[in-house]
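Chemist: Be aware that the sequence shown starts at 2, since it is given in the working numbering, and climbs by one per residue.
Can you keep this structure in mind? I'll have questions shortly.
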Amino acid sequence: GLLGTIDTIKANGDEVVVTLKGGNADFPYMMTDYHLVIQPNGGKDDPAAGIGAGPYKVTVNEPGVRHGGERFKNYWQGDKRGHADQIEITVINDATARISALRSNQVHMIDRVEPKVVDLVKRIPGVTVQNVSGRGYYCFNMFCDTPPFDNNDLRMALKLAMDREQMLDKILRGYGSV
2 GLLGTIDTIK
12 ANGDEVVVTL
22 KGGNADFPYM
32 MTDYHLVIQP
42 NGGKDDPAAG
52 IGAGPYKVTV
62 NEPGVRHGGE
72 RFKNYWQGDK
82 RGHADQIEIT
92 VINDATARIS
102 ALRSNQVHMI
112 DRVEPKVVDL
122 VKRIPGVTVQ
132 NVSGRGYYCF
142 NMFCDTPPFD
152 NNDLRMALKL
162 AMDREQMLDK
172 ILRGYGSV
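Shown next as structure tokens:
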């Protein structure tokens with residue numbers, strides 16, 4: 002599973018120290034996965050319970066359909082987060098359907114707007130596009146213990162041959178960073 006590479010997890014004052022069984026360059030990315038929620042007993046009692054640790058108390062949990070919550074009055078940073086009295090998150094996997102729902106006022110906001118349609122979304126009256134950093138990244142994987150990628154000079158040549166700024170501009174249409 003996602004956490005199979007973890008050897009130990011220990012508290013060290015206000016910090017959590019995670020020791021891995023081996024190298025894992027994707028570990029920081031994995032720790033941001035939305036599937037990793039805080040639940041009593043690690044979620045073993047009822048993994049589908051929808052219990053979380055955020056500014057909203059779960060009122061509706063229909064995985065893959067919708068999730069709802071009401072503001073948790075005792076949230077530890079309630080003055081900084083959780084400003085709405087209640088929220089509802091509707092799962093809309095299709096990108097075109099998400100934009101249609103926004104255009105027809107069925108939803109107040111959407112996420113995961115593809116770079117190729119950002120300009121279209123910007124033209125929807127009353128809509129502002131927010132560009133925020135996320136956990137996604139693109140990489141070129143090479144097995145460094147297998148020819149020809151076991152040759153460090155080859156790996157460096159490939160790295161230097163790529164114009165990452167141009168890739169950012171052409172593929173992500175400028176929405177990203179190097």
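Where is the CB? At the ideal position from N, CA and C, for every residue including glycine.
Source: prediction; values computed, not measured.
So, are the CB atoms of I125 and V108 less than 9 Å apart?
Modeler: In this structure, V108 does not lie closer than 9 Å to I125 by Cβ.
Chemist: Just curious, the alpha helix (DSSP H) that K171 is in, first and last residue?
Modeler: Unbroken alpha helix (DSSP H) run through K171: 165 to 172.
Chemist: Do T9 and V19 have their C-beta atoms closer together than 9 Å?
Modeler: In contact: T9 and V19 (Cβ atoms closer than 9 Å).
Chemist: For K74, tell me which candidate among A12, Q87, N62 has the shortest Cα-Cα distance.
Modeler: K74 has its Cα closest to that of Q87, out of A12, Q87, N62.
Chemist: Might you give, ordered along the chain, the residues of its own chain that have their beta carbon closer than 6 Å to the beta carbon of E71, omitting 5 neighbours on each side?
Modeler: Counting only Cβ-Cβ distances below 6 Å, and skipping sequence neighbours, we find K58, T60, Q87.
Chemist: Select from M31, L103, R174, F141 the residue whose C-alpha is nearest the C-alpha of M157.
Modeler: With distances taken between Cα atoms, M157 lies closest to F141.
Chemist: Out of curiosity, what's the CA-to-CA distance linking F150 and G79?
Modeler: F150 and G79: Cα-Cα distance of roughly 50 Å.
Chemist: Return the Cβ separation of R174 and V119 in integer angstroms, given the expectation that the two are a contact with Cβ distance under 8 Å.
Modeler: So it is a contact: roughly 7 Å between Cβ atoms.
Chemist: For F28, which of M168, K45, I7 has the nearest alpha-carbon?
Modeler: F28 has its Cα closest to that of I7, out of M168, K45, I7.
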